[in-house]
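Engineer:
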Amino acid sequence: MPNVTEKAMHDAATRHSADRRQVMRIAIQLIERRRQEFAAYDADVSRWYRHRHINQGLAYPVCIHGVSRYYDYDCACGACEDGDGYFDYLRVAKGALYEAQLRWDNYWKAQHAYITMISLGYDAEKAGQFSQWAHNRYLVVK
Ligand SMILES: [Zn+2]
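Residues in the sequence shown are numbered from 4 upward in steps of one, following our numbering.
1) Which value, in whole angstroms, describes the spacing of the CA atoms of residue 13 and residue 25?
2) To the nearest angstrom, how far is it from the Cα of residue 81 to the Cα of residue 128?
3) When a residue counts only if its C-beta is closer than 6 Å to some heavy atom of ligand 1, which residues count, in chain order?
4) Assuming residue 67 and residue 40 make a contact with CB atoms under 8 Å, what is their CB distance in whole Å?
5) Between residue 64 and residue 53, how many whole angstroms is the CB-CB distance? I'm expecting something under 8 Å.
6) From what residue to what residue does the alpha helix (DSSP H) around residue 49 run?
7) For the pair the stretch 94–104 and the stretch 128–141, tell me if three or more CB-CB distances fall below 8 Å.
8) Name the two residues that bound the continuous alpha helix (DSSP H) containing residue 145.
9) In three-state terms, what does DSSP make of residue 65?
10) Distance check for residue 145 and residue 50, CA to CA, integer angstroms please.
11) Please list the terminal residues of the continuous alpha helix (DSSP H) segment that includes residue 104.
12) CB-CB under 6 Å to residue 141, same chain, minus the five flanking residues each way: which ones, in chain order?
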C-alpha cells in the first residue's frame with residue numbers, strides 16, 4: 004500500500020497526464036481546423052486559375068488571411084511574411100500546442116471562478132451559464 008505522499012504524487016501525475024491529453028486533444032483539433040482552412044483556400048485558388056478566361060489573367064486577389072494581393076506599394080500581409088502563407092505542419096503544430104495550453108489554462112481559471120461564485124452564494128444558474136460559456140469558448144474548436 005503506497006504511503007500518503009506516494010498517493011498524492013500518483014494522483015498529481017494522473018491529473019497532469021489527463022491534462023496533457025486534453026491539451027493534445029485541443030491541439031489536434033486546432034491543427035485539423037487549420038489544415039481544412041488551407042485546403043479550402045488552396046481549392047479556391049486552383050478554381051480561380053482554372054478560370055483565367057473569366058478573371059482576365061489576374062492573380063488570386065487575397066492571401067489566406069484575407070489581405071489583398073493587389074497593391075502597388077510594399078504592403079504585403081504580415082502573417083504571410085512571417086511564413087504563415089502556406090500549411091507548414093511543424094509551425095502550425097507549435098502554434099496549436101501554444102493555443103491549446105492557453106485555452107486549457109483559461110478554461111480552468113473560469114472553472115475556479117465558477118466554484119468561487121457558487122461558494123459565495125451567487126446565482127447558481129448564472130454561474131452555470133458562465134461555466135458553460137467557458138467550456139464552449141475554450142474547449143470547443145469550431
Ligand atoms: Zn496573409
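Glycine included, C-beta positions come from ideal geometry on N, C-alpha and C. Owing to the predicted nature of the structure, the values given are computational and were not obtained by experimental measurement.
Structural biologist: Reading from the atomic positions:
1) Taking the sequence shown and counting its residues from 1, one reaches residue 13 at position 10. Taking the sequence shown and counting its residues from 1, one reaches residue 25 at position 22. Roughly 18 Å separates the two Cα atoms.
2) Counting from one through the sequence shown, the residue named residue 81 turns up at place 78. Counting from one through the sequence shown, the residue named residue 128 turns up at place 125. The alpha-carbon atoms of residue 81 and residue 128 are separated by roughly 44 Å.
3) 66, 67, 68, 70, 80, 82, 83, 88
4) Translated into the one-based positions of the sequence shown, residue 67 becomes position 64. Translated into the one-based positions of the sequence shown, residue 40 becomes position 37. At roughly 7 Å, the Cβ-Cβ gap stays under 8 Å, so residue 67 and residue 40 are in contact.
5) Looking up residue 64 in the sequence shown gives position 61. Looking up residue 53 in the sequence shown gives position 50. The pair is not a contact, with the Cβ atoms about 15 Å apart (cut-off 8 Å).
6) Taking the first residue of the sequence shown as 1, we reach residue 49 at position 46. From DSSP, the alpha helix (DSSP H) with residue 49 extends over 7–53.
7) no
8) Here residue 145 corresponds to residue number 142 of the sequence shown, with the count starting at 1. Here residue 145 belongs to no alpha helix (DSSP H), and DSSP marks it neither H nor E.
9) Here residue 65 is taken as the residue at index 62 of the sequence shown, counted from 1. It is a strand residue.
10) As a first step, residue 50 must be located in the sequence shown, where it is residue number 47. As a first step, residue 145 must be located in the sequence shown, where it is residue number 142. Between residue 50 and residue 145, the C-alpha separation is close to 25 Å.
11) For this step, residue 104 is matched to residue 101 along the sequence shown. That run of the alpha helix (DSSP H) goes 92–122.
12) Numbered from its first residue, the sequence shown carries residue 141 at position 138. Only 106, 109, 110 meet the Cβ criterion.
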